[in-house]
Amino acid sequence: MVSGRLNSRERVLGLFQGQEIDPIPVFSGMGNVTVHGLEEHGWRFPEIHLDGYKMATAAASTPRLFGFDCAVVPFDMGVEAEALGCEVNYYAHHTDILYPTISGKLADKVEDLNVRVPEDLGGAGRVPVVTEAIRLLKEDLGDEVAIGAWVLGPFTLGGQIVDLDDLLKMSFKKPDLVNSVLEDLDRVLVALAGIYKEAGADYLTVREMGATGDVISPRLFGSLIRPHLERVLASIESPKILHICGDTNAIVEQMAQCGADAISVDQKNELAASRAKIGPDAIILGNLDPYGVLVEGRPEDVERSVREIIASGADAIWPGCDIWPTVPAENMEMLMTAARKFGGGR
Amino acid sequence: MVSEERDSEIMARLQKGVIEFDEDLVREASHEALEEGVDAYHAIMDGLAAGMDVVGELFSSKEYFVPEVLMCADALNVGSDILRPHVVRGEKSRVVGEVVIGTVEGDVHDIGKNLVKMMFEIAGFTVHDLGRDVPLDQFVEEQTRTDSDIVCLSAMMTTTMLGMKTAIEKLKAKNPDVKIMIGGAPVSAEIAAKWGADGYAPDAPNALQEALNMIKGLRELESQG
């Protein structure tokens, strides 16, 4: 048993090395920027996606302000698609918090898709912004806090670059066609993960939210999605996490067999049942409701939720999605307090 | 006129075609219906839409997933394109209501919205589709312009559903009588109730049912007043 003297980075990396961490870490593989971090600099949300320094500073604010065990970049789902030539809307003049979206896809139909992998992926789109942010984070707090980065899963990236409606239908009607597209995307994502790792990311998360159990059947997950996740994860350096949100109850065993060092699920997952299914040794991260509890709940709701998650067998507390930026500061504080107080091993 | 037996046979074929996303079967059964003098509106509602009800059940019970539902919708549209021009304007096909629909700003996922729109059109609603990534004020403007009975808001991600809360507030402030339905992956009945929405739709057939209930409620209210 490794006890409380560990700093955040040691806590997170120790977990992936198979140590039993007491108390368990509170971190994420996804964005965790808050308005509290933005307010300090007077930055608006759209600014932090386009500038490496702002991105790093915003990501660093959550561990700095609340003691969160990690800093993670990027914040939006458009980086990969943009690097492949898609157009991104940053909602630049908006005062509300809106995440960037893809406003121009590569094609409407899967059969018209021609994925060209940029020769200089490290220089494409905002990849240099993200790598600069990772380098800055590594320099500034790399000794104390774990630095995370993430990429989309191949199927989810597919849904960003081509009309999702057609991708879903073709997955059923012409799986070979979809397969060949996903193979191209596998290579892009492995290369990008390598670039992020080289820039200094301590761990990497693959977010395959498009292949959730709310959208496609467990059978299709097994025949079409899983082989690509296996291929991508096999080529990414550890530690690596597979995250899928939504209803993952019917696919959690398959998730655990994709080759990640840990899996992450959201609040729709029945965590105790999943723990029973995948056994005591598999690392499972989860599954705090990032909006219903963390934003809308009171501190006592956050505390209760953290205790339930620990009792259900999570190895670390992870929000089920990006932390929603307007999270009340007292809820973030309670998240950390409760996890430190009740997270004594499992 | 066809016999009752033949009529139910045609309805069953239309339903089967939709349920099994068999576009050829739907096409064939739709033409049969027209050739044999079956009322087109009846064929749409009790054939195609009834099939989509079963699809909704299959989706709820996790036998069908989104790709299957999309293929069923394609089959339904094949039939609708054939039958719709033959609907006799009359009592049965009167416009049952007007709906404004769209995906809230920040969200570019419109699969759910398109399915709900299709169900409304099938049922004879006039649908004002604002598309996806729609600025919140546009919902208010369009509702005011069209005096629609219902506004449907859709969001597919946790990070975008919050816009619906603001939109509900704006819509209710402008027109307290408008009925608002919200739907999408991260939305739950609890959230819908908490934000003051009148309806919540876990899927397209349920959205239609919910809308018809809301319209019925509105009409009853009007007739009392």
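Heads up: the sequence lines are chains A and B, in that order. Heads up: the first sequence runs through residues 9 to 354, numbered per the working numbering. Heads up: the second sequence runs through residues 982 to 1206, numbered per the working numbering. We put the CB at the ideal spot given by N, CA and C, even for glycine. The structure presented is a predicted model; accordingly, all values stated were derived computationally and were not measured.
So, using beta-carbon positions, are Leu241/A and Gly267/A closer together than 8 Å? For the purposes of this step, residue 241/A is taken as residue 233 along the first sequence, with counting starting at 1. For the purposes of this step, residue 267/A is taken as residue 259 along the first sequence, with counting starting at 1. For Leu241/A and Gly267/A, yes; Cβs fall inside 8 Å.
Beta-carbon separation of Val159/A and Val118/A under 8 Å? Position 151 of the first sequence, counted from the start, is the residue given in the question as residue 159/A. Position 110 of the first sequence, counted from the start, is the residue given in the question as residue 118/A. Cβ distance not < 8 Å, so Val159/A and Val118/A don't count as in contact.
Out of curiosity, what's the CA-to-CA distance linking Gly75/A and Gly45/A? If you number the first sequence from 1, residue 75/A lands on position 67. If you number the first sequence from 1, residue 45/A lands on position 37. Those two C-alpha atoms are separated by around 13 Å.
For Pro108/A and Asp355/A, the rounded distance between their alpha carbons: What is shown of chain A runs 9 to 354, which leaves residue 355/A out entirely.
Inter-residue Cα distance where the pair is Ser1074/B and Thr1127/B: What you label residue 1074/B is simply residue 93 of the second sequence in a count that begins at 1. What you label residue 1127/B is simply residue 146 of the second sequence in a count that begins at 1. Any reading at Ser1074/B needs caution, since the residue's pLDDT is 48, under 50, leaving its predicted position unreliable; the model's value is listed next. Whole-angstrom Cα-Cα distance: 20 Å.
Please go through the same chain and pick out, in chain order, the residues whose beta-carbon is closer than 6 Å to the beta-carbon of Asp1091/B, but skip the five residues on each side of it. Here the question's residue 1091/B lines up with position 110 in the second sequence. Thr1084 and Arg1113.
Let me make sure I understand the geometry here. Which of His101/A, Trp326/A, Ala89/A and Val135/A has the alpha-carbon closest to that of Leu121/A? Looking up residue 121/A in the first sequence gives position 113. Leu121/A has its Cα closest to that of Ala89/A, out of His101/A, Trp326/A, Ala89/A and Val135/A.
With 8 Å set as the bound, which would you pick, yes or no: does the beta-carbon of His1210/B sit closer than that to a beta-carbon of chain A? Only positions 982 to 1206 of chain B appear in the structure, and residue 1210/B is not among them; the question remains open.
Rounded to the nearest angstrom, how far is the Cβ of His236/A from that of Pro162/A, given a contact under 8 Å? Taking the first sequence and counting its residues from 1, one reaches residue 236/A at position 228. Taking the first sequence and counting its residues from 1, one reaches residue 162/A at position 154. Right, the Cβ-Cβ distance comes to about 5 Å (below 8 Å), so this counts as a contact.
Here's a check: name, in chain order, each residue in its chain whose Cβ is nearer than 8 Å to the Cβ of Lys1155/B, leaving out the five neighbours to either side. Start at 1 with the first residue of the second sequence, and residue 1155/B comes out as number 174. Excluding positions up to five away in sequence, the list reads Val1121, Gln1124 and Thr1125.
Is any beta-carbon of chain A found at less than 8 Å from that of Ala1154/B? Taking the first residue of the second sequence as position 1, residue 1154/B is located at position 173. No, no contact with chain A.
Strictly below 7 Å CB to CB, what residues from chain B border Asp51/A? Within the first sequence, residue 51/A is the residue found at index 43, counting from 1. Reading off the sequence shown, one finds Trp at residue 51/A, where the question assumed Asp. In chain order: nothing, as chain B lies at least about 18 Å away.
Can the beta-carbon of Met1145/B be found less than 8 Å from the beta-carbon of Ala1192/B? Numbered from 1 along the second sequence, position 164 holds the residue referred to as residue 1145/B. Numbered from 1 along the second sequence, position 211 holds the residue referred to as residue 1192/B. Contact: no.
Does the region 301 to 314 of chain A come into contact with the region 338 to 354 of chain A, if we say contact requires no fewer than three beta-carbon pairs (one atom in each stretch) closer than 8 Å? yes
When DSSP labels each residue in this structure, what does Val1036/B get in the three-state scheme? By one-based count along the second sequence, residue 1036/B stands at place 55. In the structure shown, Val1036/B sits in a helix (DSSP, three-state: H, G or I).
Rounded to the nearest angstrom, what separates Ala157/A and Thr70/A at their Cα positions? For this step, residue 157/A is matched to residue 149 along the first sequence. For this step, residue 70/A is matched to residue 62 along the first sequence. Taking the straight line from one Cα to the other gives about 15 Å.
Residues of chain A with CB under 8 Å from Asp1207/B, in chain order? What is shown of chain B runs 982 to 1206, which leaves residue 1207/B out entirely.
Within 10 Å of its beta-carbon, does Arg13/A have 16 or more other beta-carbons around it, so buried, or fewer, so exposed? Here residue 13/A corresponds to residue number 5 of the first sequence, with the count starting at 1. Burial call: exposed.
Beta-carbon neighbours of Ile224/A, restricted to chain B and to distances below 9 Å: Taking the first sequence and counting its residues from 1, the one referred to as residue 224/A is at position 216. Chain-order list of chain B residues neighbouring Ile224/A: Phe1046, Val1047 and Pro1048, by C-beta distance under 9 Å.
Over what stretch of residues does the beta strand (DSSP E) that includes Arg52/A continue unbroken? The count along the first sequence starts at 1 and reaches residue 52/A at position 44. Here Arg52/A belongs to no beta strand (DSSP E), and DSSP marks it neither H nor E.
Which whole-angstrom value is the C-beta distance of Gly1060/B and Leu1029/B, which I expect to be below 8 Å? Here residue 1060/B refers to the residue found at position 79 when the second sequence is read from its first residue. Here residue 1029/B refers to the residue found at position 48 when the second sequence is read from its first residue. With a Cβ gap of about 5 Å, Gly1060/B and Leu1029/B count as contacting.
Where Ser179/A meets chain B, residues with beta-carbon distance less than 9 Å: In the first sequence, counting from the first residue as 1, residue 179/A sits at position 171. Residues of chain B passing the Cβ test: Pro1048.
What residue from Tyr61/A, Gln265/A, Ala115/A and Ala207/A has the CA that sits closest to Glu238/A's CA? As a working note, residue 238/A is residue 230 in the first sequence. Checked all of Tyr61/A, Gln265/A, Ala115/A and Ala207/A; the closest Cα to Glu238/A is Gln265/A.
Between the Cα of Ala1173/B and those of His1067/B, Leu1143/B and Phe1040/B, spot the shortest distance and give me the residue it belongs to. The residue labelled residue 1173/B in the question sits at position 192 within the second sequence. The option with the nearest alpha carbon to Ala1173/B is Leu1143/B.
When you compare each of Asp1062/B, His1067/B, Gly1087/B and Val1068/B to Met1099/B by their alpha carbons, which one comes out closest? Here residue 1099/B corresponds to residue number 118 of the second sequence, with the count starting at 1. Closest option to Met1099/B, Cα to Cα, is Asp1062/B.
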